[in-house]
Structure formats: structure tokens, C-alpha cells
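Residue numbers (the working numbering): 9 to 166.
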């Protein structure tokens, strides 16, 4: 199986919508108090704005010209102050492999591509957020050498 990783293009939008829906539907399922049901969680105009933003990058994985995975990343610079050191971080905002193509190395190849891209950019780290309920994603990221940096906690008051 030949998995090709490339930059997303405007013409990929319709092919990416099912993947964006998959991610969004998971979030709606585990946190309906935060996420709204929406059949178009990423509007085309927003997608296109990400493509032209030089700090955001979208890579797709394809097999035989069919898009089977996507990763959305964003470069951020942390400005030094009296509390923190300056650093450059690459955030993985979203990663999805189609349900029919999971456990075939596609997510690993996409993530390793991001790691290599981060090295080229000379970022200090690559970070992401993952839901505590998404145990398979946590196991996946751990298997790639990622570690837990911190934890967000909350109390819901209403």
C-alpha cells in the first residue's frame, strides 16, 4: 500500500469533509455541552483561509488518489517574558484517519511527516490536545514517543 503525504489543496475540501465530520462527531459525542451538532464543522471559507495562512498547514494522506487521512497544524511563537522562555511550537490541531483505513500506518506516517516538518521549521516542540475519553488516540501518541505535558481540569457549574 503506497501512502502519499502532500499539502492539501483547495480542491480537496469535499474529500476532507467526511474526515472533519468524523472528528467533530466524536467531540459532540463525548462533550455535547461544548460542541454543537453540525454537518459542516469546517466551512469551505475557513478551510481556504487556513491554506493561505503561512502559519497553518494541512497535510493529507492519500492512497490511489483517495484521501484517507488529514492533519491540521499551526505554528505558534511564545514570547519570552519574566515567567516563560521564548519558544516556537507546532500544534497539531486535528488528526484524522478514515475509519475504514485505520490500523494501516496512515496516522503514523502523517504524524512522522509532521515531526519531520517541525524539524525543518526548527520548532522547539510539537504539541497537541487530546480528550481523556479518546484512549486509543492517547495510546497512539504515546507509541510515537509523545508524553503528557499537563492536564486541563474543570468543574461544570451549570
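Glycine included, C-beta positions come from ideal geometry on N, C-alpha and C.
Beta-bridge annotation (DSSP): residue 135 is paired with 99. Sequence-distant partners of residue 128 (beyond 5 residues in either direction) whose C-beta falls short of 6 Å from its own C-beta are missing from its chain.
Across the set 17, 85, 142 and 103, the C-alpha of 85 shows the shortest separation from the C-alpha of residue 130.
In this structure the segment 81-96 does not touch the segment 35-49; the number of beta carbon pairs closer than 8 Å is below three.
Nearest neighbour of residue 99 by Cα position, chosen from 135, 164, 22 and 118, turns out to be 135. Judged by DSSP secondary structure, residue 64 falls within the beta strand (DSSP E) whose first and last residues are 64-71.
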